[in-house]
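Beneath this line is the structure, given in structure tokens, with notes to follow.
Residue numbers (our numbering), protein chains in the order written: chain A, 987 to 1283; chain B, 2 to 419; chain C, 305 to 687; chain D, 243 to 500.
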């Protein structure tokens, strides 16, 4: 039983990793960034490349990945998203195009494949990252074997959530961002540089996705399409939790993780996934604003 | 009807060239007249391109070799390559382009069953020949397809008894991706397990492409099994093996015995996660024969990648071009009917050993082998059949070499009921 | 001659329909078949314009309706195929059911696997055709009644439709003994109506598709021109205002959602006839999003525009992907095209055409256009 | 249940409000408000910001559900019905922030409002009857938007948008119309034109108007209801209210009505 709950917790933490960035870009900025999954993918590739060429380990790869994907996010915000504020559903379509572009760029080693140059670590193939010794294996708690790496992911995702909370609620940038969330015109009128704050927030959200990618690389396959299914799950978490509510995203990731883990334990993973979809649909129909919406009503 | 259509074709082809249909301008079918054109259709893009690009490469390599040694019937072979984009819809469309627009009698195509099923109507109704290089679930008896990959009996009939008798493992946990191939492999396995005195404790499935293995591995841990039979495909494989080790399981005590895990997946997951596990395939890169070593060498040179791996479907993609060449030369004709008529009985000394296309069902006799994965990412062959095994696509229904269901006349459906 | 907006609009429809009906004079059977698939996609574009452009409902699960239509007719055609008749049973039975069934199960549709009796009525192709419309409409109706009654709008509708299509796809693949799972339904018979066999490479199939598309375009256009269509657009602009004018908003939304579903289901059926297979990939998320992008590029507020957008993008995709130099890069080209279309053509190609139209009208009136082009449609339903 | 001080609606009453109360988590935005608006009357609702005027309109028109109390339109009870049902029963409403169909032309806006039949199937027909067309053209004329009829409503000025919304209410032709600050943000000239339109609507409709501009109020009002902190403070003719000491104290301050 304990290991089942642990698995649920772990599934939830993986969901949260992806959803955290979305909670910023979608929840706070209203941008449906379909390329978020590709940010995760780029983060994972950063882990592959840094270990291949710089000999960096998983931990050291995290800040690098954060930087790489944050810069990428900044570029996307500048070039695409900025032109689409207020056209929520159009951001979905444009970033879908961006997602296709990024995927194919990685697959073609950023165009170098045309010149016949292959770069180890890129290209269409499957890549991987080895875990450091101390993150592999298991430890025992009350007779249950608990995976070290999964515990590590839970820890990191909670730390990142706490960091995000701190940035949002305890710094002036976070306060400005929350002001923009509620009323962009008013915030601009109050002298908040909305362009700058939006760009920073988008970069931060993308950077979180990059860190998530590094952690994914530690136990999943790294390949150009890896991000696509993740972004859907991430959106479900954020919408169910209540758009704009960080705590809501955290709790809904936890709830969906446990539902998934428990259902998978008593029946199977396919049913578990179906149940997760059904729960999300039911919650949105029941409470369209999400479980923990920051607005009243 | 056929006269009608031909008339229609010639009448409209001329107009079409200059018409708004710009795409016809790019048709490469109208190239040099004294070459023999064949179609090649695998995914160059999308998720499956990971594997399928290597199949295109192997096919191109075989064609290049054939051309270098004088071609077929004195003519050069020219490949018309299209991209299936990992999507059955696109496979269907491109297959109809190759067969109907470019009028190619023979196409080397498809990795997944789903894509093969999507192109099948194009080949069957338009009487073209499809060479299909992948191991698959069986249950097909098309007279327009030459199957050069393994069918369940060629992967399992040696594997299951070997696991039970040699490894001494008796309690199977069967796990697979949720589609027809793993389900059929499971069905055949269960028959064999029970026949050999073993038992199976679970038969579980995950969505294709699923990469979250936490729950499943936890289930395996608590199931009390002593061996895992994996029919998991694609990138899920990697996540599976990694999770398996991360949750503290080891192949020494609880080996994964797989039917799909090939050199590609092993290289992608990092060999340390697979050391000690087993796979059953007719071909492994590690087959230690001069022919195979030379083949691996040539392939690496061809794709300009000194670390490129070879695998079962890749080898089949390669040798099936030679089988086609032999059939064309035997018939002295490149038409689909001639190729399909002459292909039965053709044998070829493939990198992995002798292969023969059986006259009865156009499937290929292959040599089952079992390999144990080593730290260098190569399989060590631990068991091999002394000779190629006859393919039985309907083995789950009790098909035997003496009592074939798929015959030159087609499928004998009456036998399915028994 | 004085040009009018509506006159030019009608002329565009007439010209387009004349063009697709004349295509067999120019194209060979292969391109005709390929074109018929693209016309089907064009029909999907029109369906999206109805629900997105006119009703403001961005359905990210349009593939569900397409897939249901496709499976409905594919089930009938599967039972009509030669192999289904040759499975050693008195009644036709799909080959895959035999090898998915438990050993020793009776080889009858009634009871070979759990739920296989659902296939029995599909022995009549008319039932399959009817279900191809009825099933999508029924699901759209149920979904609409719940979602729109609860006043869910905008991106939340999108998320719900997206979840529903993913859920249905999951169940479809899971129900392998009934649906052949991931491999989908292939090896189908031809639909034969009144002795006319619809071989996908014969002109009659093309004409079936082309005439269907013409009817759908005209029908959809008329539908949105009715008072109900007008009220629907009013609801899209401001549902609260419409409510206070006395209109039962959810009913209007559900009605047009169903209309869009019916068109998509019909398109699914035609696609099966043109391509001879049905696959769960029709319900892939990427396919549903791709459809929306077609409509966005063509012009979400224009039925004909969205339709032409779908046809054009597919033609370009085919051309680019069959150009050897671009074999691997064609997706980059397509991705870039999407981004640019969304950024710089918010009203799609139809917006360009409308600008041209207004310019022509203004010129023929001898005056300069009196109003600037309509600004980009505001996104409704921001949370 | 709150006691009913008025009882069943009197015949001749267009709108009867009986003990209407709404409680937002302990805060009573509208507290046992009762009043009767006679058919053909133009009633002005007066009150400071937060007095509960707009909330009262929300409760009448079905936007918000009341905690207690009842609303009658004529003799029919409309408490708790959905907005479109209340509207079908004969109540129209203009919002404080003008609300029109921005992507439709001015004419189309009025045509939508003139579709008397609410059903989706009943409206599956093309075009409008000559009578409806005439009506739409009359209204265009009355609200002075004839020259702009083919423009998108989104391109109208603030004042024009207000007039269009008033025109839509005319086209809808309900018995009772609620107008929430019809002159908010208007210039002097625009206000005068609005007053003219509202006067023209009088007689044909019963009107309830929320308004701050006292000059405007004096121009149009029959009777005034003053609200304060969610309750009715006073009700009477313009002169009555101007003379009312309680109103002066609570709302108008010492200076009285200018």
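All C-beta atoms, glycine included, are put in the ideal place defined by N, C-alpha and C. As the structure is a prediction and not an experimental result, all values here were calculated from the model.
Beta-carbon neighbours of residue i, restricted to chain D and to distances below 7 Å
i              : result
residue 532(C) : 362, 365, 366
CB contact below 8 Å: residue i versus chain B
i               : result
residue 252(C)  : For residue 252(C) there is no data in the structure shown, the boundaries of chain C being 305 and 687.
residue 402(C)  : yes
residue 1113(A) : yes
residue 390(C)  : yes
residue 313(C)  : no
residue 505(C)  : yes
residue 1123(A) : yes
Separation of residue j from residue i, as counted between CA atoms
i               : j               : result
residue 1057(A) : residue 1030(A) : 15 Å
residue 380(C)  : residue 429(C)  : 5 Å
residue 386(D)  : residue 257(D)  : 30 Å
residue 1228(A) : residue 1239(A) : 11 Å
residue 396(D)  : residue 403(D)  : 8 Å
residue 81(B)   : residue 44(B)   : 14 Å
residue 415(B)  : residue 420(C)  : 20 Å
residue 489(D)  : residue 327(D)  : 36 Å
residue 636(C)  : residue 367(C)  : 24 Å
residue 355(C)  : residue 344(C)  : 17 Å
residue 363(C)  : residue 420(D)  : 36 Å
Chain A contact for residue i (CB, 8 Å cutoff)
i              : result
residue 385(C) : no
residue 239(B) : yes
residue 639(C) : yes
residue 24(B)  : Here residue 24(B) scores only 37 on pLDDT, less than 50, and its place in the model should not be relied on; the value that follows carries that caveat. Chain A contact via Cβ: absent.
Candidates the options, of which the one nearest residue i by Cα
i               : options                        : result
residue 296(B)  : 283(B), 282(B), 312(B), 281(B) : 312(B)
residue 1260(A) : 620(C), 519(C), 478(C), 402(C) : 478(C)
residue 306(D)  : 332(D), 263(D), 293(D), 454(D) : 263(D)
residue 380(B)  : 317(B), 289(B), 395(B)         : 289(B)
residue 111(B)  : 366(B), 164(B), 318(B)         : 318(B)
residue 1210(A) : 1110(A), 1221(A), 1125(A)      : 1110(A)
residue 486(C)  : 208(B), 291(B), 303(B), 354(B) : 208(B)
Proximity test, Cβ basis, 8 Å: residue i and chain C
i               : result
residue 345(D)  : yes
residue 193(B)  : no
residue 38(B)   : no
residue 296(B)  : no
residue 1083(A) : yes
Opening and closing residue of the alpha helix (DSSP H) in which residue i lies
i               : result
residue 646(C)  : 634–648
residue 1193(A) : 1180–1203
residue 1034(A) : 1022–1035
residue 372(B)  : Per DSSP, residue 372(B) belongs to no alpha helix (DSSP H); it is in the beta strand (DSSP E), 370–374.
Contact set between residue i and chain A, taken where Cβ atoms lie within less than 9 Å
i              : result
residue 270(B) : 1112, 1114, 1207
residue 456(C) : 1270, 1271, 1274
Within chain C, partners of residue i - CB distance below 7 Å
i               : result
residue 1030(A) : None at all; the shortest Cβ gap to chain C is about 20 Å.
Opening and closing residue of the beta strand (DSSP E) in which residue i lies
i              : result
residue 586(C) : Unbroken run through residue 586(C): none, as it is neither H nor E.
residue 503(C) : No beta strand (DSSP E) contains residue 503(C), which DSSP labels as neither H nor E.
residue 77(B)  : 77–84
residue 341(C) : Here residue 341(C) belongs to no beta strand (DSSP E); instead the alpha helix (DSSP H) covers 333–352.
Contact list for residue i against chain C, beta-carbon separation under 9 Å
i              : result
residue 236(B) : Those within 9 Å of residue 236(B) in chain C number zero; the least Cβ separation is about 15 Å.
Chain D within 8 Å of residue i, Cβ atoms only
i              : result
residue 535(C) : yes
residue 473(C) : no
* For the region 393–409 of chain D, which residues have a beta carbon sitting closer than 9 Å to at least one beta carbon of chain E? -> In the displayed structure, chain E is absent; the protein chains listed are A, B, C and D.
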